[in-house]
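J.: Here it is: the structure, laid out below.
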Amino acid sequence: MKVLVVGGGGREHALCWKLKHSDSVSEVICAPGNPGIARDARCVPVGAEDIDALIELARAEQPGLVVVGPEVPLVLGLGDKLRAEGFAVYGPDQAAAELEGSKSFCKALMAEAGVPTARFETHTDPDAAEALIRAWGAPIVVKASGLAAGKGVIVAQDVEEAVHAARDMLSGNSFGEAGSQVVIEEYLLGEEASCLFLVSGDTILPLASSQDHKALLDGDKGPNTGGMGAYSPAPCVTPEVADEVLETIARPTIAALAMRGIEFIGTLYAGIMLTDAGPKTLEFNVRFGDPECQPLMSRLKSDLGEVLLAAAEKRLQGINLDWDERKALCVVVASDGYPGSFEKGQTIGGLDAMEAAGAYVFHAGTAEKDGVIVNSGGRVLGVTALGNNVSEAQKAVYGALKHLHWPGGFYRRDIGYRAIVREDAGEEN
Ligand code: AMP
Ligand code: GLY
C-alpha cells in the first residue's frame, strides 16, 4: 500500500519512519516533508495547509491511505474533502476537529458530557473577562479559544497578568482571530500526562501513555511551547488511571460527539492533569502529539500502516497494539529565541554522529541549503533513544547530544526528570 502523510514536522517524521518499516506499506509519500523525512519517504513540495493542492496530489498519487499529521489541515476540512473523493483517511473531519480548533466548543462539549475538566467561562467582552478574573482570583488560566500552536495558554500567577493576557487576546494583539474569544479557567494542580487514543467510530484503542514538557526551560519554568521533550510510558499513568481516563474522558467525549451526529476517525489526544480529585482534561487535540509521537513510534511494534488503515476503514475492533517494553525519550532541540523570533539558515552539524552514538534524530524545522542541513523552524530536531528505564534512555539521548554542533540551538537538560524521580523511588509501572 502507498501511504500519503501530510505534514513536515517531527511528528510526521516519526510517522513516516514507522510507516516505512510497516510490512503493509510499499511506499511513503510526504507533503511537504523535510530533509530528515526524505530519508524515509518521497517528499513532495505541497504545503500541509494547501488543501486544494493536497487533493490534487492525492488524485495524482492514488494512495491507499492518507494520514494527516497536523491540526490545521484537519480544522480546514481536509479529512472531509479527501473522504468525499473516496480516499481512506486517518484524521477526523472538520466538525470533529473543532475539539481542538475551538476551546470554547470543546469545553461546552465536556460540560454537556460530564467529562471532568476545570471550571470555566467563555468570554468575548474584555470587561466581563476582567470582572470574572477579579472575582475568581489567581492563579488562573487564560486561553485563546482558537488555534495558537500550543502557545495560546497563559497560566497567570497574579490577577493583573491574567487581566492583561485576556485584554491582549481580545483586542486581537496576540493570536489574532484565535484570541477573539477567551476561555478563563480555574487553575488545576497536579502532574500532567498525555493519553492518546486511536478512535474509529465507537471503537477506542488506547495508545501507550506519554508525558511531555511544555514549558521552555528546565524545571518546567518559562513560557509554554509546543513541547520541549517527551517520553513514554509515563509512570504516573498507572493502569487504573489509564482506565479512568478511557471511561470518564475519552468514551463520553466520543459519545457526546456522536450524539451531535459527529463521527471521529483519528487520534484523540487528551491532555490530562492528575489532580487530587482524579484525572481532569486540560485540552483535547485531534492528532498525535508532537513530540509525544516520537517516543510512541519508537516503541510501537505493530504494523502502523495496517492499524491506521483499519481505523480509517472502521475495522479497528479487535486490534491490539504491541509495544516495546523499553522506555523511549525524546529531547527537542530548538532555535535560540523560540517560542519568539529566531534566525533561520544556521548550519547544524553532528547529525550523523548523534545517530552513530545510538539516538535517532527526527527532523522537525530543518531545511537543506547548499547540501547542508540548516534550521528553518522553532523546534528543529527530536533526538530520541530507547533504554531499559527512563534514566537509561535519558542518558543515551544526552550522550548523543554531546555530538551536536549548533551554537544557535538549545535544549532542556532535564527531560524525563519526573519519571526518573519515580523510578529512583521504585515506583515503576
Ligand atoms: P492546553 O493547551 O489547554 O493543554 O494548555 C497548555 C498547558 O497549560 C497545559 O499543558 C498545562 O501545563 C497548562 N494548563 C492549561 N490549563 C490549565 C489549568 N486549568 N490549570 C493549570 N495549568 C493549565
Ligand atoms: N506536545 C503537545 C502537543 O502536541 O500538543
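Residue 1243 in my numbering sits at position 398 of the sequence shown, and the numbers go up by one each step. We treat Cβ as the ideally placed atom computed from N, Cα and C, and that holds for glycine. Remember, predicted model here, so these are calculated numbers, not experimental data.
1) Using a 10 Å radius around the Cβ and a threshold of 16 neighbouring Cβ atoms, would you call Gly-997 buried or exposed?
2) So, helix, strand or coil for Met-920, using DSSP?
3) Below 8 angstroms on the Cβ atoms is my guess for Asp-1057 versus Glu-1137; work out the distance and round it to an integer in Å.
4) Which ranges does the beta strand (DSSP E) cover as unbroken runs of at least 3 residues, wholly within the region 929-987, from first to last along the chain?
5) According to DSSP, what are the bridge partners of Asn-1069?
6) Between the Cα of Leu-954 and those of Glu-894, Leu-1102 and Val-911, spot the shortest distance and give me the residue it belongs to.
7) Check whether the region 1051-1065 and the region 966-983 touch, using three or more Cβ-Cβ pairs below 8 angstroms as the test.
8) Say yes only if the C-beta of Glu-1030 is nearer than 7 angstroms to one or more non-hydrogen atoms of the ligand AMP, and no if none qualify.
9) If you draw a straight line from the alpha carbon of Asp-885 to that of Leu-864, how long is it in whole angstroms?
10) Does the beta-carbon of Thr-969 have 16 or more other beta-carbons within 10 angstroms, so that it is buried, or is it exposed?
11) Could you tell me which of Gln-907, Leu-923, Ile-874 and Cys-888 sits nearest to Glu-894, measuring between CA atoms?
12) Can you give me the Cβ contacts of Gly-909 inside the same chain, cut-off strictly under 6 angstroms, excluding the 5 residues immediately before and after it?
13) Below 8 angstroms on the Cβ atoms is my guess for Gly-1035 versus Met-1118; work out the distance and round it to an integer in Å.
14) Mind checking whether Gly-1021 and Leu-1015 have CB atoms under 8 angstroms apart?
15) How would you write the range of the alpha helix (DSSP H) that Tyr-1076 sits in, first residue to last?
16) Pick from Asn-1234, Ala-1179, Phe-932 and Gly-1163: whose alpha carbon is nearest that of Leu-1249?
17) Determine the direct distance from the alpha carbon of Ala-1038 to that of Ser-990, and round the result to whole angstroms.
18) What three-state label does DSSP hand Thr-1083 in the structure shown?
19) Starting from Ile-789, trace the alpha helix (DSSP H) in both directions and tell me its first and last residue.
20) Should Gly-1134 be labelled buried (16 or more other beta-carbon atoms within 10 Å of its own) or exposed?
21) Considering only residues of the region 1179-1220, which uninterrupted beta strand (DSSP E) runs meet the minimum length of 3 residues and lie entirely inside it, listed in chain order?
22) Could you tell me the alpha carbon to alpha carbon distance between Leu-1246 and Tyr-1183, rounded to whole angstroms?
23) Under 7 angstroms from any heavy atom of the ligand GLY, does the C-beta of Pro-1184 make it?
24) With hydrogens ignored, establish whether the beta-carbon of Asn-1069 is closer than 7 angstroms to any heavy atom of the ligand GLY.
25) Is Trp-1251 helix, strand or coil by DSSP?
26) Indicate, with yes or no, if the ligand GLY has a heavy atom lying under 7 angstroms from the CB of Glu-1037.
27) If we call anything under 8 angstroms between Cβ atoms a contact, is Gln-1007 one with Ile-999?
28) When you compare the region 1121-1131 with the region 1073-1090, are there three or more beta-carbon pairs, one atom per stretch, that lie closer than 8 angstroms?
29) Report back the beta-carbon spacing between Thr-1112 and Arg-1132 to the nearest angstrom; my notes put them in contact at under 8 angstroms.
30) With a threshold of 7 angstroms, establish whether the CB of Gly-1254 neighbours any heavy atom of the ligand GLY.
31) Exposed or buried, what is Ser-1045 when buried is set at 16 or more other beta-carbons lying within 10 Å of its beta-carbon?
32) Starting from the N-terminal side, write out each stretch of the beta strand (DSSP E) that is 3 residues or longer and does not extend beyond the region 981-1043.
33) Would you check if the region 1257-1266 and the region 1068-1081 touch, i.e. whether three or more CB-CB distances between them fall below 8 angstroms?
34) Excluding sequence positions up to five away, which residues of its chain have a Cβ less than 6 angstroms from the Cβ of Tyr-1032?
35) Take the Cβ of Met-1199 as the centre, count every other Cβ of all protein chains shown within 10 Å, and call the residue buried at 16 or more, exposed below.
36) Tell me which residues share the same chain as Asn-1233 and place their Cβ nearer than 7 angstroms to its Cβ, disregarding the 5 neighbours each side in the sequence.
T.: Put simply:
1) Within the sequence shown, residue 997 is the residue found at index 152, counting from 1. Per the 10 Å Cβ criterion, buried.
2) For this step, residue 920 is matched to residue 75 along the sequence shown. For the record, residue 920 in the displayed sequence is Val; it is not Met. DSSP, read as helix, strand or coil, puts Val-920 in helix.
3) In the sequence shown, the residue the question calls residue 1057 occupies position 212. In the sequence shown, the residue the question calls residue 1137 occupies position 292. A Cβ-Cβ separation of about 5 angstroms places Asp-1057 in contact with Glu-1137 under the 8 angstroms criterion.
4) 965-968
5) On the sequence shown, position 224 is the one that residue 1069 refers to. In DSSP, Asn-1069 forms a bridge with Ala-1060.
6) Start at 1 with the first residue of the sequence shown, and residue 954 comes out as number 109. Looking at the Cα atoms, Leu-1102 is the closest of the given residues.
7) Three or more beta-carbon pairs separated by less than 8 angstroms are not found between the region 1051-1065 and the region 966-983, which leaves the two stretches without contact.
8) Taking the sequence shown and counting its residues from 1, the one referred to as residue 1030 is at position 185. Flag set: Cβ of Glu-1030 near the ligand AMP.
9) Residue numbering aside, residue 885 sits at position 40 when the sequence shown is read from its first letter. Residue numbering aside, residue 864 sits at position 19 when the sequence shown is read from its first letter. Answer to the nearest angstrom: the Cα atoms are 9 angstroms apart.
10) Walking along the sequence shown from the start, residue 969 turns up at place 124. The residue is exposed, with fewer than 16 neighbouring Cβ atoms inside 10 Å.
11) Here residue 894 refers to the residue found at position 49 of the sequence shown. From the listed residues Gln-907, Leu-923, Ile-874 and Cys-888, the smallest Cα separation to Glu-894 is found for Leu-923.
12) Locating residue 909 in the sequence shown gives position 64, where the first residue counts as 1. Excluding residues within five positions, the ones whose Cβ falls inside 6 angstroms are Met-846 and Lys-847.
13) Here residue 1035 refers to the residue found at position 190 when the sequence shown is read from its first residue. Here residue 1118 refers to the residue found at position 273 when the sequence shown is read from its first residue. Correct: roughly 5 angstroms between the Cβ atoms.
14) Along the sequence shown, one-based indexing puts residue 1021 at 176. Along the sequence shown, one-based indexing puts residue 1015 at 170. For the 8 angstroms CB-CB criterion, Gly-1021 and Leu-1015 do not form a contact.
15) Mapped onto the sequence shown, residue 1076 falls at position 231. It is not in any alpha helix (DSSP H) - Tyr-1076 instead sits in the beta strand (DSSP E) that spans 1074-1077.
16) Residue 1249 sits at position 404 when you count from the first residue of the sequence shown. Ranking Asn-1234, Ala-1179, Phe-932 and Gly-1163 by Cα distance to Leu-1249 puts Ala-1179 first.
17) Counting from one through the sequence shown, the residue named residue 990 turns up at place 145. Counting from one through the sequence shown, the residue named residue 1038 turns up at place 193. Using only the alpha carbons, I get a separation of about 21 angstroms.
18) If you number the sequence shown from 1, residue 1083 lands on position 238. Three-state result, Thr-1083: coil.
19) Here the chain has residues from 846 to 1274 only, and residue 789 is not among them.
20) Looking up residue 1134 in the sequence shown gives position 289. It is buried - the Cβ of Gly-1134 has at least 16 other Cβ atoms within 10 Å.
21) Within the region 1179-1220, the complete beta strand (DSSP E) runs of at least 3 residues are 1205-1208, 1211-1214 and 1217-1220.
22) Position 401 of the sequence shown, counted from the first residue, corresponds to residue 1246. Position 338 of the sequence shown, counted from the first residue, corresponds to residue 1183. Taking the straight line joining both Cα atoms gives about 19 angstroms.
23) Position 339 of the sequence shown, counted from the start, is the residue given in the question as residue 1184. No, the beta carbon of Pro-1184 sits no closer than 7 angstroms to any heavy atom of the ligand GLY.
24) Stepping through the sequence shown from its first residue, residue 1069 is reached at position 224. The answer is no for Asn-1069.
25) As a working mapping, residue 1251 is identified with position 406 in the sequence shown. Residue state, collapsed to three classes: coil.
26) Indexing the sequence shown from 1 puts residue 1037 at position 192. No, the beta carbon of Glu-1037 sits no closer than 7 angstroms to any heavy atom of the ligand GLY.
27) Taking the sequence shown and counting its residues from 1, one reaches residue 1007 at position 162. Taking the sequence shown and counting its residues from 1, one reaches residue 999 at position 154. In the sequence as displayed, the identity of residue 1007 is Ala instead of Gln. Cβ atoms of Ala-1007 and Ile-999: closer than 8 angstroms.
28) yes
29) Along the sequence shown, one-based indexing puts residue 1112 at 267. Along the sequence shown, one-based indexing puts residue 1132 at 287. Confirmed, Cβ separation roughly 5 angstroms.
30) Counting from one through the sequence shown, the residue named residue 1254 turns up at place 409. No, since every heavy atom of the ligand GLY falls outside the 7 angstroms radius drawn around the Cβ of Gly-1254.
31) Sequence index remark: in the sequence shown, residue 1045 carries index 200 (1-based). Its Cβ being crowded by 16 or more others within 10 Å, Ser-1045 is buried.
32) 985-989, 998-1001 and 1027-1031
33) yes
34) In the sequence shown, residue 1032 corresponds to position 187, counting from 1. For Tyr-1032, where only same-chain residues beyond five positions count, the Cβ hits under 6 angstroms are Pro-984, Ile-985 and Val-986.
35) Sequence index remark: in the sequence shown, residue 1199 carries index 354 (1-based). Classification of Met-1199: buried, given that the 10 Å Cβ count is 16 or more.
36) As a working mapping, residue 1233 is identified with position 388 in the sequence shown. For Asn-1233, where only same-chain residues beyond five positions count, the Cβ hits under 7 angstroms are Arg-1171.
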